[in-house]
Amino acid sequence: MTSQTINPQNSSLTLPITKTARQISEQFAQQQATPEKAEQVRLNTLAVLLVNDYLQMMEIPTDLQASDSWNAAVRFCSDLADLEIIGMGKLECRPMKANQST
């Protein structure tokens, strides 16, 4: 078995971040105890919302409300970025900054 490294710059898809996504991510971030946790929650929420938008465009049914990352108590004490895909299970959606390679 061989291992491949995928260059994110060659395999990425750019999607717009909606005003609603920014508002939701900011709302979730403001519920956190520290600036570091707020940033983590803000980025995780944006990642989940963008993946959700993409899957909706592909007509793949999702349920944000069933995702653990939409539970305020779980969000407070965990590093989650999951999205429930109906009939399939949960997909982990992680943010990646421009300068990151993995």
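Oh and the sequence shown: position 53 is 1004 in the working numbering, straight run, nothing missing. Just so it is clear, CB atoms sit at the ideal spot from N, CA and C, and this is done for glycine as well.
997 is the residue among 997, 1006 and 984 whose C-alpha sits nearest the C-alpha of residue 1045.
By the Cβ-count criterion, residue 1025 is exposed, with fewer than 16 other Cβ atoms from all chains shown falling within 10 Å of its own Cβ. Of the candidates 1049, 1035 and 1023, the residue whose Cα lies closest to the Cα of residue 989 is 1023. Between the alpha carbons of residue 983 and residue 995 lies a gap of roughly 13 Å. By the criterion of a C-beta distance shorter than 8 Å, residue 975 is surrounded in its chain by 996 and 1000, once the five residues flanking it on both sides are discounted.
Taking residue 1039 as reference, the option from 964, 977, 1003 and 1013 with the minimal CA-CA separation is 1013.
At least 8 Å separates the beta-carbon of residue 1006 from that of residue 1020. Rounded to whole angstroms, the Cβ separation of residue 964 and residue 1004 is 11 Å, and the two are not in contact under 8 Å. When DSSP assignments are scanned along the region 992-1031, the uninterrupted stretches of alpha helix (DSSP H) that are 4 or more residues long and fall wholly within it turn out to be 1023-1028. The beta carbon of residue 970 sits closer than 8 Å to no other beta carbon from its chain once the five residues preceding and following it are set aside.
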